[in-house]
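J.: Protein chains in written order, with the working numbering: chain U, 53 to 438; chain Z, 53 to 438.
Backbone N, C-alpha and C fix where the C-beta goes; we use that ideal spot for every residue, glycine too.
Below is the structure:
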């Protein structure tokens with residue numbers, strides 16, 4: 053039944069009177085949503101192609117020496133287009149067409165950086181534990197079909213595109229990775245970064261397909277700021293978010309695929325906590341819809357075999373370093389979330405809260421070293437009266 | 053104006069119809085509040101002494117080998133009782149009386165562990181940067197007035213008490229610390245633990261009074277489970293929460309003193325994120341009210357001198373490892389929040405989500421070591437076209 057809810061924000065707006073809604077939004081989001089007006093032609097194009105389109109802004113203070121560093125970021129969440137029983141090429145082409153439409157909207161709206169959802173080129177088929185045909189969606193990060201496809205869009209709109217795909221690494225024994233490709237505004241590939249933490253929870257059987265990433269915590273210095281990508285389950289690990297921050301990220305994208313029954317109470321918390329703790333912008337993207345697979349599978353929960361994982365609840369949002377965030381996109385519909393960031397806010401918040409200055413990295417380097425040793429003895433003080 | 057709001061929860065309950073409220077609560081809190089009925093005599097006693105009293109429970113699955121490990125935790129939030137201009141002994145006695153009343157309610161309700169707010173024996177006078185008379189509130193952790201006072205209550209009710217105070221360490225040159233004392237259910241002192249991260253934000257001028265804690269991330273093995281204390285500003289540092297988890301904590305208390313205008317959007321996020329990320333219960337406690345000081349002070353924000361820090365917004369809550377949480381106590385009133393935990397939930401969630409298994413501590417030990425080196429070079433990939 054909860055699947056039918058459009059979004060938390062819509063319920064709040066429907067019932068709570070304006071004055072008290074402001075207080076609720078301040079408590080929940082740090083501020084009332086600061087909407088940005090877009091050109092009506094862009095709105096019309098989103099409507100024609102059936103994308104929800106939302107647009108918000110974050111503010112920084114004016115500085116004397118630095119000009120504002122405005123960046124318009126676009127997040128795309130979407131359902132798969134064709135049934136999972138269609139031929140691979142057909143499924144993929146349909147997704148390319150759909151994402152092309154989304155990028156056209158974002159591009160015309162002046163987006164500087166667009167990030168797509170995790171494994172956007174395919175259904176999230178890892179629940180099945182089957183190999184073919186799903187692994188056929190894997191491709192080279194550097195010159196696979198999706199990279200070539202997006203490269204044209206990046207050049208056309210002069211935008212950076214973050215493209216999370218299933219990677220086939222032919223130069224290392226054909227292994228698979230869960231990878232994000234960073235495409236320059238010029239159309240070239242700046243580099244790639246891999247998912248550092250791989251889930252073993254529920255139907256997220258990804259650990260049988262690919263391993264924990266070996267690319268560290270790279271930050272990509274693009275025309276529009278320093279960006280990083282924390283893929284999906286990596287958002288549960290604060291230390292992962294932290295390392296992107298230590299490497300200088302100003303925006304960290306979290307392309308995801310996650311389910312209502314499993315993770316929805318976690319969703320508004322984790323990326324936002326990361327934005328606060330690390331004084332950067334965090335952009336959380338989740339896919340939408342329910343994907344049906346031809347062969348029924350069980351979920352390790354004693355229940356009967358079934359053909360779907362459950363409902364991907366969308367709800368993509370952007371969180372700022374100052375504790376504010378945007379409302380989420382729909383839980384049900386394809387959508388594009390545009391956010392205007394002033395990257396100067398990151399350093400301003402660092403100076404205000406001092407989290408980097410007070411974080412005592414050396415203490416934790418030592419603590420984690422001990423904790424990861426086989427001889428680790430937890431620091432326990434016993435009640436001697438027991 | 054927002055100061056006048058009683059709580060977010062009260063607004064939601066007032067306006068949103070029951071069926072949709074359930075959905076809102078599931079999205080915000082992981083579940084509808086699971087209230088626990090208390091004995092009417094306890095309710096009456098809370099009312100007589102003017103404490104809001106709320107009580108909730110968390111569930112774990114039944115196990116074959118382990119019996120449930122039920123613990124009733126009590127959090128106390130309160131205003132100071134007397135004006136800050138009263139004699140120190142008088143202010144302190146009034147607070148002792150008030151806290152005695154709170155513990156009587158919690159004790160009669162069967163609480164096993166009670167945690168008080170940060171520096172509960174005094175006004176939060178560090179905003180003034182004045183020494184006397186405020187530093188007179190400091191005392192020995194082992195045998196100071198408040199420890200002796202609480203020891204009797206601990207023994208009387210057979211409860212563990214966590215007592216956050218301003219510590220005077222006579223054996224190390226009379227220095228001050230921000231410290232929590234852990235008092236056994238027998239009345240003895242199990243040990244103490246100090247605030248690891250000290251703020252330099254707004255009027256939180258604590259860094260001029262005491263230094264970063266030197267007690268590491270101790271976990272106290274009490275009759276009612278393994279507990280730790282992350283004091284106030286330490287909640288902004290996920291790595292601090294993490295180390296308590298690695299040392300085996302099942303409940304981490306976060307006694308705080310924080311202000312609406314500064315931190316309120318952070319409040320519901322940080323302790324809850326910690327509970328999720330570390331598979332333990334996190335208990336966030338904030339003081340209540342506005343404290344007036346005799347001498348006006350400025351706040352480093354260009355505004356005029358004034359006599360108060362702002363509004364401490366209470367809103368104490370408990371978050372579970374499964375993503376659920378209780379509603380918050382009032383933003384305005386003294387209150388006692390009781391929560392029934394089954395500590396078996398911690399290991400059950402660890403087995404479900406696998407965050408400890410997948411956390412790659414060795415990778416982060418190395419990463420933090422490098423990041424804290426003077427020679428650190430962030431891992432940056434440049435767009436060569438720039």
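For residue 297 of chain Z and residue 332 of chain Z, which I take to be in contact (beta-carbon distance under 8 Å), what is that distance rounded to the nearest angstrom?
T.: 6 Å
J.: Tell me the DSSP secondary structure of residue 432 of chain Z in three-state form.
T.: strand
J.: Is it true that the CB of residue 390 of chain U sits closer than 8 Å to the CB of residue 210 of chain U?
T.: no
J.: Please identify the residue among Z:402, Z:138 and Z:170 whose C-alpha is closest to the C-alpha of residue 302 of chain Z.
T.: Z:402
J.: Which of helix, strand or coil does DSSP assign to residue 391 of chain U?
T.: strand
J.: In the stretch 338-372 of chain Z, which residues sit with their C-beta less than 7 Å from some C-beta in chain U, listed in chain order?
T.: none
J.: For a quick check, are the C-beta atoms of residue 218 of chain U and residue 174 of chain U less than 8 Å apart?
T.: yes
J.: Taking DSSP as the reference, what is the three-state secondary structure of residue 358 of chain U?
T.: strand
J.: DSSP puts residue 344 of chain U in a beta bridge; with which residues?
T.: U:360
J.: Judging by CA-CA distance, which residue of U:212, U:230, U:208 and U:179 is the nearest neighbour of residue 193 of chain U?
T.: U:230
J.: Around the Cβ of residue 428 of chain U, are there at least 16 other Cβ atoms within 10 angstroms (buried) or fewer (exposed)?
T.: exposed
J.: Who are the Cβ neighbours of residue 232 of chain Z in its own chain at under 7 Å, not counting the five residues just before and after it?
T.: 214, 215, 216, 244, 245, 281, 283 and 307
J.: With a threshold of 7 Å on Cβ separation, who are the neighbours of residue 53 of chain Z within its own chain once the five nearest residues in sequence on each side are excluded?
T.: With a pLDDT of only 39 at residue 53 of chain Z, under 50, the local geometry of the prediction cannot be trusted, and the value read off the model is given with reservation. Cβ within range, chain order: n/a, list empty.
J.: If I measure Cβ to Cβ from residue 300 of chain U and keep anything under 7 Å in the same chain, skipping five residues before and after, which residues do I get?
T.: 271 and 278
J.: Leaving aside the five residues before and after residue 371 of chain U along the sequence, list all residues of the same chain whose C-beta is less than 6 Å from its C-beta, in chain order.
T.: 323, 324, 327, 334 and 377
J.: Flag residue 54 of chain Z as yes if its beta-carbon sits less than 8 Å from any beta-carbon of chain U, otherwise no.
T.: For residue 54 of chain Z, the predicted model reports a pLDDT of 45, less than 50, meaning its position is unreliable and no value from the coordinates is stated.
J.: Along the chain, which unbroken stretches of the beta strand (DSSP E) at least 3 residues long are found entirely within the stretch 107-151 of chain Z?
T.: As far as the stretch 107-151 of chain Z is concerned, its whole beta strand (DSSP E) runs of at least 3 residues are 122-129.
J.: Does the distance from the C-beta atom of residue 176 of chain Z to that of residue 339 of chain Z stay below 8 Å?
T.: yes
J.: Which residues, in chain order, does the stretch 416-433 of chain U contribute to contact with chain Z at a C-beta distance below 7 Å?
T.: 416, 417, 419, 420, 421, 423, 424, 430, 431, 432 and 433
J.: For residue 186 of chain U, which of U:345, U:163, U:311 and U:122 has the nearest alpha-carbon?
T.: It is U:345 whose Cα lies nearest to the Cα of residue 186 of chain U.
J.: Using only the alpha-carbon positions, how far apart do residue 292 of chain Z and residue 286 of chain Z sit?
T.: 7 Å
J.: Is residue 90 of chain U near residue 107 of chain U, with beta carbons less than 8 Å apart?
T.: yes
J.: Is it true that the stretch 63-82 of chain Z meets the stretch 117-136 of chain Z, where meeting means three or more beta-carbon pairs spaced less than 8 Å apart?
T.: With fewer than three CB-CB distances shorter than 8 Å, the stretch 63-82 of chain Z does not count as touching the stretch 117-136 of chain Z.
J.: Considering only the alpha carbon of each residue, which of Z:102, Z:67 and Z:417 lies closest to residue 385 of chain Z?
T.: Z:102
J.: Who are the neighbours of residue 229 of chain Z on chain U, taking C-beta pairs under 8 Å?
T.: Result: empty, since nearest Cβ-Cβ is about 16 Å, beyond 8 Å.
J.: Please state whether the Cβ-Cβ distance between residue 146 of chain U and residue 417 of chain Z is less than 8 Å.
T.: With respect to residue 417 of chain Z, residue 146 of chain U sits apart: the two C-beta atoms are not nearer than 8 Å.
J.: Around the C-beta of residue 169 of chain Z, are 16 or more other C-beta atoms found within 10 angstroms, so that it is buried, or is it exposed?
T.: Under the 10 Å beta carbon count, residue 169 of chain Z is surrounded by 16 or more other beta carbons and is classified as buried.
J.: Would you please verify whether the beta carbon of residue 275 of chain U is less than 8 Å from any beta carbon of chain Z?
T.: yes
J.: Using DSSP with H/G/I as helix, E/B as strand and the rest coil, what is residue 186 of chain Z?
T.: helix
J.: Taking 8 Å as the cut-off, decide whether the C-beta atoms of residue 148 of chain U and residue 258 of chain U are in contact.
T.: no
J.: Please give me, in chain order, every unbroken run of the beta strand (DSSP E) with length at least 3 that falls completely inside the stretch 226-301 of chain U.
T.: Fully enclosed beta strand (DSSP E) runs of 3 or longer: 227-235, 241-246, 271-274 and 277-281.
J.: Distance check for residue 180 of chain Z and residue 242 of chain Z, CA to CA, integer angstroms please.
T.: 33 Å
J.: Using beta carbons (cut-off 8 Å, strictly below), is residue 185 of chain U in contact with chain Z?
T.: no
J.: Taking 8 Å as the CB-CB cut-off, is residue 63 of chain Z touching chain U?
T.: yes
J.: When Cβ atoms are compared, which residues of the stretch 291-302 of chain Z fall closer than 7 Å to chain U?
T.: 291, 294, 295, 298, 299 and 300
J.: Is the shortest distance between the beta-carbon of residue 317 of chain Z and the beta-carbons of chain U less than 8 Å?
T.: yes
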